[in-house]
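**Q** Here it is: the structure, laid out below.
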Amino acid sequence: MIFALDDEISFPDPRLGEPDGLFAIGGDLSIDRLLLAYSYGIFPWFSFRDSDKPYWYCPMERFVIFPEEVHVSHSMRNLINKGLYRVSINEDFDGVIRNCSELRVHKKGAWLGKEMIEAYTRLHEQGFAASVEVWDGDKLVGGLYGVCIGNAFFGESMFSLVPSASKLALIYLAKVFAANGGRLIDCQFETPHLKTMGGRFIPYDEYLKIIQSD
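Position in the sequence shown counted from 1, then plus 46, gives you the numbering used here.
In structure tokens form, the structure reads like this:
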């Protein structure tokens, strides 16, 4: 079942949605609505060229990485030990989200358009969205961004301009997040890339207990 949202900031039970996780269309991308959405593991994902209304997803099988389980391959350990790149947090959120958009904006189904960029930038300005940057000297060569609420980081997008930069960003995020009490990184959807990094599925109800725990 797919529900139509109005101006009221609320969501129906996502358990009633479609098998792919889609359960609602409409509403807006206000800070209040986005914070409510993420507190239940709900996220917007829609082709900005094909729809002027947000599509809301909440898969019942959640693909996640537990920070302490992030997989660091032998090749990644070698890359880290070489010290070729510097990794930072929240030094260039605009640069990260812009690169994530520009590298995919011409592809069919591109979702990171102007409206989404503005929405997550507002979240960042309020302290609810964060970025990890990978630098080669003073050049931004990779990174990721997402929403951070409580003990969960909800990953949104990542990019690499050099080999393995996004992996380096994810490893750094996992280490820092675990050290600060973070319990779960939500990957939203399975990809081969994230599976090699330690991603696995857990049921929605188990996921919800984790992201809503103190």
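Yeah, the Cβ is synthetic: ideal placement off N, Cα and C, and Gly gets one too.
For a cutoff of 8 angstroms on Cβ pairs, would you count residue 233 as touching chain B?
**A** The structure shown contains no chain B; it is built from a single protein chain.
**Q** Keeping to the same chain, check which residues put their C-beta closer than 8 angstroms to that of residue 236; ignore five residues upstream and five downstream.
**A** Once the five neighbours on either side are set aside, the close Cβ partners of residue 236 are 109, 245 and 247.
**Q** Tell me where the beta strand (DSSP E) around residue 180 begins and ends.
**A** Where residue 180 is concerned, the enclosing beta strand (DSSP E) stretches over 175–182.
**Q** Is DSSP giving residue 151 helix, strand or coil here?
**A** Looking at residue 151 - three-state DSSP - the assignment turns out to be coil, as it is neither helix nor strand.
**Q** Measuring CA to CA, which of 176, 192, 254 and 205 is closest to residue 137?
**A** Nearest option by C-alpha distance: 176.
**Q** Helix, strand or coil for residue 156, going by three-state DSSP, please let me know.
**A** Three-state DSSP puts residue 156 in coil, outside helix and strand.
**Q** Compute the beta-carbon to beta-carbon distance between residue 131 and residue 222, rounded to the nearest angstrom, for a pair I have assumed lies under 8 angstroms.
**A** Going by Cβ atoms, the distance from residue 131 to residue 222 rounds to 15 angstroms, so no, they are not a contact pair.
**Q** Out of 216, 152 and 120, point me to the one whose CA is closest to residue 202's CA.
**A** The shortest C-alpha separation from residue 202 is found at 216.
**Q** Select from 213, 226 and 159 the residue whose C-alpha is nearest the C-alpha of residue 123.
**A** Closest option to residue 123, Cα to Cα, is 213.
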